[in-house]
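In order, the protein sequence lines correspond to chains A and B. Heads up: the first sequence begins at 1 in the UniProt record's numbering, then just goes up one per residue. Heads up: the second sequence begins at 1 in the UniProt record's numbering, then just goes up one per residue. Notes to accompany the following structure.
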Amino acid sequence: MGKLAFLQSLTGHAGRVWSSGWHPGGKIFASCGEDKTIRIWTKADSGRWTAQAVLADGHSRTIRDVCWSCCGQYLASASFDTTVAIWDKKSGEFECNATLEGHDNEVKSVTWSRSGNLLATCSRDKSVWIWEIHHHEDQEDEYECVAVLNVHTQDVKKVCWHPHEDVLASASYDNTIRLYRQDTMDNEWGPSALLESHSSTVWSIAFDATGKRLASASEDRTVKIWQEYAPDNSLGIPCPDNRPVWKCVCTLAGFHSRSIYDLDWCKQTGLLATACGDNMIKIFKEAADSNPNEPTFELLGTTAAHSQDVNKVVWNPACPGMLLSASDDGEIKLWQWNESD
Amino acid sequence: MTKTKQNVSSVQYRFGTVLRFFHSRRNFSVIFPANKMTELENINPNVYKKCEDRKLTIDDENEDVVDPFDEREVFDLIRNINDPEHPLTLEELHVLEQSLITVDNEKNSIDILFTPTIPHCSMATLIGLSIKVKLLRALPPRFNVTVEINPGTHASEHAVNKQLADKERVAAALENTHLMEVINQCISAPLK
């Protein structure tokens, strides 16, 4: 067992905090919410986290999501105002130096690829867009839309890149998860896998460190673990078109009493954290004697974390066990997971 | 087919336009069956008697008595919401009934079932949203409010319930000033 120890509560946003994202160095994070602002938080010498900057003029409606690029130089924000803003600090201060337009409706999620050259966005308009970034020395960066993927039949809630490869995953109100990759022949982006099992909206998805597994969180109050099976897998699972297939290998049911809005799979510790509409954060881990093709996950801890829905949980990428949560109650909280209490 | 687009009443048309913002475009026909778009849907709805006002008891005035939220109190908050089409309240149309409200004050949960006047009512999402907004404003934020269609009383029951349960889409709808005007009209107390 273990315990999620409370470190600090951060207030400042007016109203619901929708999302938050760690800088890859783990010493800065950004948060956003219905007050249309982005806050950049850093750790002061006293050890307390404080807002270092408030970015208030980028969007005209709710900011639904924020994400740092893997190089740490750029921050992207997705808004209900249908745009995505790209912020950087080249001038010394955070400035919005590009606005990506094109979605017909609210943008729900934004994510940078591992390489840093690709950005993905998704929207209420049912589409997923992939943008390529052309960096120029001493000039403005250029963003080119290289794919508009219209495979989902409903509102797309979340996009997430694979940890090593240029493979994108998206989750939707249509209850499915889709994977996309580039065709090796013509370099065109297209759907490569369909993951069907949830019975309601899929709110969030996260890969594990290997990228061969994916966890998903849904309105149907379950978490599912999906496993990739490549062609010629030892189990004899058929792979049509010689493409890897994804199978649901585990369903965590009965643990959550309301919609699960987010989850994050820690790349360092393997811990899986979930954010739920019942105000709880739960921590799961794969059992030591678990069969990889029928894995068992154990609930390690439950914390009544907030006074309203928890919207986001995200593990610190550099500091193992440090967790950030954001809630409808307007607060952001920092936690430290301690193994064996 | 004698009815044509010329027969569209201005009220109908206005709501139709506004609701477009809330419904996803491709799904529009599910929520708005085409043949229902051009006429007032339920011309002669059944009208029911209002219930009597709640009687104040001595305990109600005693500040020392803990007074948790109950079904009657929640019903009183929403019974006077106006129907989008008729100059009647949701109580008078039996869209809302106290017996279809469940309150668990301890668990911070309120579940409301509402009954559209007809199974193809295109206003179902708007009515549900009005109930949500009213309670969002009136109740402390600790409550989780679920608003669903009384099972078996609407053709697109599942789609409407899913839409109303999606807090992200509700939040986006509430940022739509046109839609909020309509909802505020429904929520405001009827003219005496």
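Virtual Cβ for every residue (Gly too), placed ideally from N, Cα, C.
Taking C-alpha atoms, which residue in the options lies nearest to residue i?
{"i": "residue 186 of chain B", "options": "B:156, B:176 and B:88", "result": "B:88"}
{"i": "residue 312 of chain A", "options": "A:36, A:46 and A:67", "result": "A:67"}
{"i": "residue 166 of chain B", "options": "A:161, A:162, A:175 and A:244", "result": "A:175"}
{"i": "residue 155 of chain A", "options": "A:184, A:165 and A:125", "result": "A:125"}
{"i": "residue 52 of chain B", "options": "B:145, B:98 and B:163", "result": "B:98"}
{"i": "residue 172 of chain A", "options": "A:200, A:189 and A:145", "result": "A:200"}
{"i": "residue 69 of chain A", "options": "A:283, A:96 and A:22", "result": "A:22"}
{"i": "residue 74 of chain B", "options": "B:172, B:119, B:54 and B:183", "result": "B:54"}
{"i": "residue 205 of chain A", "options": "A:177, A:188 and A:197", "result": "A:177"}
{"i": "residue 273 of chain A", "options": "A:139, A:225 and A:229", "result": "A:225"}
{"i": "residue 99 of chain A", "options": "A:34, A:85 and A:93", "result": "A:85"}
{"i": "residue 51 of chain A", "options": "A:13, A:24, A:275 and A:73", "result": "A:13"}
{"i": "residue 53 of chain A", "options": "A:145, A:71, A:31 and A:47", "result": "A:31"}
{"i": "residue 189 of chain A", "options": "A:107, A:282, A:147 and A:73", "result": "A:147"}
{"i": "residue 39 of chain A", "options": "A:48, A:25 and A:20", "result": "A:20"}
Use the C-beta contact count for residue i: other C-beta atoms within 10 angstroms, 16 or more gives buried, fewer gives exposed.
{"i": "residue 328 of chain A", "result": "buried"}
{"i": "residue 85 of chain B", "result": "buried"}
{"i": "residue 24 of chain B", "result": "With a pLDDT of 38 at residue 24 of chain B, under the threshold of 50, the predicted position of this residue should be treated as unreliable, though the coordinate-derived value follows. Counting Cβ neighbours within 10 Å, residue 24 of chain B comes out buried, since at least 16 surround it."}
{"i": "residue 110 of chain A", "result": "buried"}
{"i": "residue 391 of chain A", "result": "The structure shown does not extend to residue 391 of chain A, since chain A spans only 1 to 341, so no value can be given for it."}
{"i": "residue 339 of chain A", "result": "exposed"}
{"i": "residue 280 of chain A", "result": "buried"}
{"i": "residue 124 of chain B", "result": "buried"}
{"i": "residue 140 of chain B", "result": "exposed"}
{"i": "residue 147 of chain B", "result": "buried"}
{"i": "residue 235 of chain A", "result": "exposed"}
{"i": "residue 152 of chain B", "result": "exposed"}
{"i": "residue 76 of chain A", "result": "buried"}
{"i": "residue 229 of chain A", "result": "buried"}
{"i": "residue 316 of chain A", "result": "buried"}
Applying a beta-carbon distance threshold of less than 9 Å, which residues of chain A neighbour residue i?
{"i": "residue 141 of chain B", "result": "307, 308, 328 and 329"}
In whole angstroms, what is the alpha-carbon distance linking residue i and residue j?
{"i": "residue 107 of chain B", "j": "residue 69 of chain B", "result": "11 Å"}
{"i": "residue 168 of chain B", "j": "residue 57 of chain B", "result": "41 Å"}
{"i": "residue 251 of chain A", "j": "residue 265 of chain A", "result": "15 Å"}
{"i": "residue 292 of chain A", "j": "residue 223 of chain A", "result": "17 Å"}
{"i": "residue 59 of chain B", "j": "residue 65 of chain B", "result": "6 Å"}
{"i": "residue 59 of chain A", "j": "residue 288 of chain A", "result": "46 Å"}
{"i": "residue 247 of chain A", "j": "residue 210 of chain A", "result": "16 Å"}
{"i": "residue 202 of chain A", "j": "residue 181 of chain B", "result": "31 Å"}
{"i": "residue 268 of chain A", "j": "residue 83 of chain B", "result": "55 Å"}
{"i": "residue 194 of chain A", "j": "residue 183 of chain A", "result": "16 Å"}
{"i": "residue 142 of chain B", "j": "residue 91 of chain A", "result": "43 Å"}
{"i": "residue 37 of chain A", "j": "residue 232 of chain A", "result": "49 Å"}
{"i": "residue 227 of chain A", "j": "residue 249 of chain A", "result": "6 Å"}
{"i": "residue 158 of chain B", "j": "residue 237 of chain A", "result": "35 Å"}
{"i": "residue 168 of chain A", "j": "residue 180 of chain A", "result": "5 Å"}
{"i": "residue 3 of chain A", "j": "residue 301 of chain A", "result": "6 Å"}
{"i": "residue 122 of chain A", "j": "residue 128 of chain A", "result": "4 Å"}
{"i": "residue 326 of chain A", "j": "residue 45 of chain B", "result": "46 Å"}
{"i": "residue 88 of chain A", "j": "residue 162 of chain A", "result": "24 Å"}
{"i": "residue 10 of chain A", "j": "residue 57 of chain A", "result": "22 Å"}
{"i": "residue 330 of chain A", "j": "residue 35 of chain A", "result": "10 Å"}
{"i": "residue 118 of chain B", "j": "residue 154 of chain B", "result": "7 Å"}
{"i": "residue 78 of chain A", "j": "residue 65 of chain A", "result": "5 Å"}
{"i": "residue 256 of chain A", "j": "residue 278 of chain A", "result": "8 Å"}
{"i": "residue 21 of chain B", "j": "residue 173 of chain B", "result": "With a pLDDT of only 40 at residue 21 of chain B, under the threshold of 50, the placement of this residue in the model should not be trusted, and no figure is reported."}
{"i": "residue 109 of chain B", "j": "residue 308 of chain A", "result": "12 Å"}
Residues bridged to residue i by DSSP?
{"i": "residue 204 of chain B", "result": "Shown here, chain B extends from 1 to 192; a query on residue 204 of chain B therefore has no answer."}
{"i": "residue 207 of chain A", "result": "A:214"}
{"i": "residue 285 of chain A", "result": "A:298"}
{"i": "residue 108 of chain A", "result": "Paired residue(s): none; residue 108 of chain A is not in a bridge."}
{"i": "residue 20 of chain A", "result": "A:31"}
{"i": "residue 160 of chain A", "result": "A:169"}
{"i": "residue 6 of chain A", "result": "A:335"}
{"i": "residue 182 of chain A", "result": "A:189"}
{"i": "residue 177 of chain A", "result": "A:171 and A:195"}
{"i": "residue 224 of chain A", "result": "A:216 and A:251"}
Below 8 Å on C-beta distance, what does residue i contact in chain D?
{"i": "residue 201 of chain A", "result": "Annotation note: the requested chain D is absent from the structure, which comprises protein chains A and B."}
I want to verify the contact list: residues of chain B whose CB lies under 9 Å from the CB of residue i, in sequence order.
{"i": "residue 48 of chain A", "result": "In chain order: nothing, as chain B lies at least about 27 Å away."}
{"i": "residue 277 of chain A", "result": "144 and 167"}
{"i": "residue 155 of chain A", "result": "24, 166, 168 and 169"}
Given that residue i touches chain A, what residues does it touch there, using C-beta distances under 7 Å?
{"i": "residue 44 of chain B", "result": "Within 7 Å Cβ-Cβ: nothing; residue 44 of chain B doesn't reach chain A, min ~36 Å."}
Would you mind telling me which residues of chain B sit closer than 8 Å to residue i, beta carbon to beta carbon, in chain order?
{"i": "residue 62 of chain A", "result": "171, 172 and 175"}
{"i": "residue 106 of chain A", "result": "172"}
{"i": "residue 34 of chain A", "result": "171"}
{"i": "residue 258 of chain A", "result": "144"}
At a threshold of 7 Å, does residue i count as lining the ligand ATP (C-beta to nearest heavy atom)?
{"i": "residue 205 of chain A", "result": "Annotation note on the ligand ATP: not contained in the displayed structure, which lists no ligands."}
Along chain B, which residues have their Cβ under 7 Å away from the Cβ of residue i?
{"i": "residue 80 of chain A", "result": "172 and 175"}
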